[in-house]
Amino acid sequence: MKISAEDLSAYFDAKGVKDGCPLCGTDSWSVTPAAGPDGAIEAGEVALEVTLQLVKTNSWVPMLPLVCQNCGFLRMHHTHWIQKWLEERDNAAG
3 MKISAEDLSA
13 YFDAKGVKDG
23 CPLCGTDSWS
33 VTPAAGPDGA
43 IEAGEVALEV
53 TLQLVKTNSW
63 VPMLPLVCQN
73 CGFLRMHHTH
83 WIQKWLEERD
93 NAAG
């Protein structure tokens with residue numbers, strides 16, 4: 003499942019996520035765009051399967067990285083929770 007910028011914004015609003023960077027207070031963030039099989043970047047979508055490798059356990063966590071455009075602070079969101087909320091929202095809408 004791809005997550006659009008609108009979906010991400012709706013999720014953050016529903017969860018009460020604050021816009022400001024915890025380090026500098028700026029509310030300007032960038033996300034990693036999603037590349038299709040041909041390597042082309044699709045507008046309005048964000049990468050879903052960016053993974054953090056855990057060497058000792060050989061496991062991974064699907065993460066969505068957001069970067070503060072002022073100070074470079076990196077925040078990560080576990081995509082499972084975003085997808086779960088989107089599915090519940092879509093199921094409730096019918």
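Each residue of the sequence shown is one higher than the one before, starting from 3 at the first, in this note's numbering. We treat Cβ as the ideally placed atom computed from N, Cα and C, and that holds for glycine. Keep in mind it's a predicted model, so treat the numbers as computed, not measured.
Could you check where the alpha helix (DSSP H) with S30 kicks off and where it finishes? Indexing the sequence shown from 1 puts residue 30 at position 28. That residue, S30, is in no alpha helix (DSSP H); it is neither H nor E in DSSP.
For L25, name the three-state secondary structure that DSSP assigns. The residue you call residue 25 lines up with position 23 of the sequence shown. In this structure, L25 counts as coil in the three-state DSSP scheme.
Would you decide whether H80 is buried or exposed? Buried here means 16 or more other CB atoms lie within 10 Å of its CB. Here residue 80 is taken as the residue at index 78 of the sequence shown, counted from 1. Exposed, since its Cβ has fewer than 16 Cβ neighbours within 10 Å.
May I have the straight-line CA-CA distance separating D9 from C73, to the nearest angstrom? The count along the sequence shown starts at 1 and reaches residue 9 at position 7. The count along the sequence shown starts at 1 and reaches residue 73 at position 71. The alpha-carbon atoms of D9 and C73 are separated by roughly 25 Å.
Less than 8 Å between the C-beta atoms of P67 and M78, yes or no? In the sequence shown, counting from the first residue as 1, residue 67 sits at position 65. In the sequence shown, counting from the first residue as 1, residue 78 sits at position 76. In this structure, M78 lies closer than 8 Å to P67 by Cβ.
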